[in-house]
Amino acid sequence: MTESFDADVLIVGSGIMGATVAAELRRRRPTARILMVEAGTQLPGTEAPGMHLHDTQDGAVRESYNAHAAAGTQSMYVGAAAHAGFPASPADAEPGLYTLGALGHDGAQFPAAAVGWNVGGMGAHWTAACPTPWGTEIPDLTAQTWEEDLALASEHLRVTPDLFGPTPAGRFVLDRMATAFAGAWAPGRGPQTMPMAVFEGADGRRLRVGPAVIFPPIAHDRADPHFRLLDGRVVTRVLWDGDTAVGVAATRTSTGEQEEWLAERVVVCADPLRTPQLLWASGVRDAAVGRGLNEHAFIAGRVLVPESELSGARIEGLSEGEWMTDSLWMPHSGPQQPGHWQVSVAPLYADDLATVSGVTVGISVYVPTAVREENRLVFSDEPDAVGLPSFSVEFSYDDEDEGSIARAMDTQRAVMAVIGGSDGIPEQLRLAAGSSLHASGTTRMSRDDDGSGVCDANGRVWRRPGLFVAGASVLPTPIVGNVTLAACTTAVRVARAVAEELAA
Ligand SMILES: Cc1cc2nc3c(=O)[nH]c(=O)nc-3n(C[C@H](O)[C@H](O)[C@H](O)COP(=O)(O)OP(=O)(O)OC[C@H]3O[C@@H](n4cnc5c(N)ncnc54)[C@H](O)[C@@H]3O)c2cc1C
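In this text, residue positions in the sequence shown follow the numbering used here: the first is 2, and each later residue adds one.
As structure tokens, then:
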């Protein structure tokens, strides 16, 4: 062991969940000593660990990020950016996104899924859309403090309702959507701008909220006596004193050295696929670990709208460093309008690449699917590419899901026809499972320790004092929209519970 740090709380994972736990804990217990252990390292082309790729000063990296993000769907971003193979030695692994197959898992039934392997996790790549969770998305178990949890999560993510539009062309799209849906929405849930985890920087640029914004010490930890980031360490198991978590064992990827890091509390924020994996590797093998994997279905769509169809609405050019002018939203409204609609508007250029000839309107529809126990991760004793238990994903849709997906595709075609008019060019694509990167439910909360869940509503793992889990894996409900804001409420709850335990 070359270093030591006397930690009160050890957080596994430096993504948005790890950062939110750290930030909320810091707010409640400013002198609590926090150790964050992360498998990946800093992304090349960024100026600091945990920084979002969009916000780098490196113009080439930013342009490359925007070019990938402009595809408008997570799986297409990942398709261009993910590593499909993992090197024989983790020391040689480039920071970034990896497919499940690359890491040695069987993801054939969840083929478009990917995981982050860099400081900041997916929070250094994400689009930052933060629709407000609503209705069936809100867990009964957290209903009592939901408003406070959501307000805190929104504060950490700096969620802003209207930094992207509506421009006049965006207003045209909103109006056409309102016509297409003909008022079939719950109060306040009509077409509107998308809340985003974006803020205006000092130079007027719109910056994305990544882990280094949520918890700035991630970017410059040596300046902070109460925080240490250990990157390039794969946590292989939780360390126990009896049933009580007392730290973690980790492998240093650069040297293969085995290390042990101790702490009063351990919080696992390792994403919805690797949080249950680490629990399994640590001997927490309750029936609910890895079960109830849920993800909304994802229908990508796009309609090219020529200027002649825009009723004179002005088309704005792109701001520097952006790939869209408008980020718009049609929230789900329960049975009368079950889908979540994520809409982007960008100028469309004529063949000369200089004259604006219309707009391209990206229209993704997310369709809720039922939570079913048989959708799950099945772990094996075979090691994955980094020595943790490999898993296969069992995932399918039932007849009811298929019916909902078919109806959503019909509605999407109808809405695109209204937006595009007679000269619009629509396209539609049902994406493969896993493509949203919004998986949830694999270490779900439950009211009682009755086998239906892995932890309580504050992320405390049943019968394992000192061990907490946070993130989308803890959400027990079917999530319809983008999952991150809802997931952050679990991070806020864990931080509150840990702070209370430390104070006791
Ligand atoms: C291109 C893209 C666009 C997206 N757009 C949106 C959006 O608009 N809105 C939205 O809500 N969501 C979006 N998402 C999803 C969103 O980014 C994730 O929901 C969120 O970032 C997950 O945060 P997390 O902290 O749970 O996990 P992660 O970001 O995956 O972080 C987990 C970290 O844990 C580390 N880790 C895992 N296992 C171990 C281990 N054993 N030892 C040490 N470290 C470990 C990983 O390396 C990783 O860095 C998008 C994702 C991508 C990639």
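Ideal Cβ positions, reconstructed from N, Cα and C, are used throughout, including at glycine.
Proximity test, residue i beta-carbon vs ligand 1 heavy atom, cut-off 7 Å
i, result
"Met37", "no"
"Ala347", "no"
"Leu389", "yes"
"Trp241", "no"
"His126", "yes"
"Ala473", "yes"
"Asn295", "no"
"Gln75", "yes"
"Gly46", "no"
"Cys456", "no"
"Ala129", "yes"
"Met14", "Before going further, note that residue 14 is Gly rather than Met in the sequence given. The answer is yes for Gly14."
"Asn119", "yes"
"Ala271", "yes"
"Leu486", "yes"
"Met123", "yes"
"Tyr367", "no"
"Met18", "yes"
"Ala433", "no"
"Ala40", "yes"
"Leu142", "no"
"Val214", "no"
Local conformation of residue i per DSSP, three classes
i, result
"Cys489", "helix"
"Gln193", "strand"
"Gln259", "strand"
"Met52", "coil"
"Leu349", "strand"
"Ala115", "strand"
"Ile480", "coil"
"Arg292", "strand"
"Val526", "Given that the chain is displayed from residue 2 to residue 505, the structure contains no residue 526 and the question cannot be resolved."
"Thr207", "Before going on, a small fix: residue 207 reads as Arg here, not Thr. In this structure, Arg207 counts as strand in the three-state DSSP scheme."
"Gly166", "coil"
"Gly86", "coil"
"Asp382", "strand"
"Thr237", "strand"
"Glu321", "coil"
"Arg377", "strand"
"Met2", "Model confidence at Met2 stands at a pLDDT of 46, short of 50, so the residue's coordinates are unreliable and nothing is read from them."
"Phe173", "helix"
Contact under 8 Å by Cβ, residue i with residue j
i, j, result
"Tyr78", "Phe87", "no"
"Thr370", "His439", "no"
"His126", "Ala103", "no"
"His221", "Ile35", "no"
"Glu138", "Ala487", "yes"
"Cys131", "Met178", "no"
"Thr57", "Thr47", "yes"
"Gly359", "Val306", "yes"
"Gly291", "Arg373", "no"
"Val470", "Val484", "no"
"Gly506", "Ser365", "The structure shown does not extend to residue 506, since the chain is modelled only from 2 through 505, so no value can be given for it."
"Thr490", "Leu294", "no"
"Arg190", "Pro332", "yes"
"Pro169", "Arg286", "no"
"Ser1", "Thr194", "Past the boundaries of the shown model lies residue 1; the chain is included only from 2 to 505, so the question cannot be answered."
"Val116", "Arg275", "yes"
"His341", "Gly482", "yes"
"Ala33", "Leu503", "yes"
"Val346", "Val362", "yes"
"Ala505", "Thr143", "no"
"Glu25", "Val493", "yes"
"Arg465", "Asp450", "no"
"Met18", "Cys270", "yes"
Cβ neighbours of residue i in the same chain (closer than 8 Å, five flanking residues each side left out)
i, result
"Gly467", "Thr245, Ala246, Val247, Glu265, Arg266, Val267"
"Val235", "Ala40, Pro91, Ala251, Thr252, Thr254, Val387, Gly388, Leu389"
"His55", "Arg63, Tyr66, Asn67, Ala70, Leu208, Arg209, Gly322"
"Val199", "Ala129, Arg159, Thr161, Leu164, Phe165, Arg207, Leu208, Arg209, Val210"
"Glu401", "Ala371"
Sequence-distant residues of its chain with Cβ nearer than 7 Å to residue i (five each side left out)
i, result
"Met2", "Residue placement at Met2 is flagged as unreliable, the pLDDT there being 46, under the threshold of 50; the coordinate-derived value follows with that caveat. Same-chain partners within the cutoff: Glu260."
"Ser309", "Asp424"
"Ser391", "Gly105, His106, Ser381, Glu383, Pro384, Asp385"
"Val304", "Val362, Ile364, Met417, Ile420, Gly421, Gly425, Ile426, Pro427"
"Pro218", "Asp225, Phe228"
"Asp7", "Arg34"
Beta-carbon contacts of residue i that lie in its chain and below 6 Å, excluding the five residues immediately before and after
i, result
"Gln114", "For the record, residue 114 in the displayed sequence is Ala; it is not Gln. Leu101, Gly108, Gly435, listed in sequence order."
"Pro479", "Asn295, Pro369, Val372"
"Ser447", "Ser453, Gly454"
Residue i beta carbon near ligand 3 (any heavy atom closer than 7 Å)
i, result
"Asn67", "The ligand content of the structure shown is limited to ligand 1, which means ligand 3 is not among them."
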